[in-house]
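Single-structure report; data block below.
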Amino acid sequence: MVIECYREALTYYETDIKVATILALANRYMNINRLAECKQMCEMALSIDRNNDEATLMVADMLYTNNDTDKAIVHFAQLLGKYPKLVLALSSKIWYE
Numbered sequence: 001m002v003i004e005c006y007r008e009a010l011t012y013y014e015t016d017i018k019v020a021t022i023l024a025l026a027n028r029y030m031n032i033n034r035l036a037e038c039k040q041m042c043e044m045a046l047s048i049d050r051n052n053d054e055a056t057l058m059v060a061d062m063l064y065t066n067n068d069t070d071k072a073i074v075h076f077a078q079l080l081g082k083y084p085k086l087v088l089a090l091s092s093k094i095w096y097e
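What follows is the structure, given as structure tokens:
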């Protein structure tokens, strides 16, 4: 039901709110382990706002979880270029997994 509401909302909203709705839907898909749909929503968000940090991080997390580390590193590096202090957060994530 929640997913259908988000999908319907996408037809009404302008760009900024639409990206937020797309990311909320992507997050929902990730939480229920529907990763193909999550990836599709992240790609949609990035097609609207190619510098969206939340979508980039979500894609990087999915890639890392699926052991596609080379592609994940590209996305993590993009974020680290903008936010160098994320190194500690990322290193602790990698260390504990």
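Just so you know, the UniProt record's numbering puts 46 at position 46 of the sequence shown, and the rest follows in order with no gaps.
By construction, the Cβ of each residue, glycine as well, lies at the ideal position given by its N, Cα and C atoms.
- Comparing C-alpha distances from M58 to each of D70, I48, M41 and S47 shows the shortest one belongs to M41.
- Of the residues V87, N66 and K82, the one whose Cα lies closest to the Cα of R34 is N66.
- Looking at the backbone, the Cα of N27 and that of G81 are separated by about 24 Å.
- For K85, the secondary structure class from DSSP, reduced to helix, strand or coil, is coil.
- Burial check for N51: the Cβ neighbour count within 10 Å stays below 16, so the residue is exposed.
- For D53, the enclosing alpha helix (DSSP H) starts and ends at D53 to T65.
- Between A36 and I22, the CB-CB gap reaches or exceeds 8 Å.
- Contact annotation: Y64 and A72 have beta-carbon atoms nearer than 8 Å.
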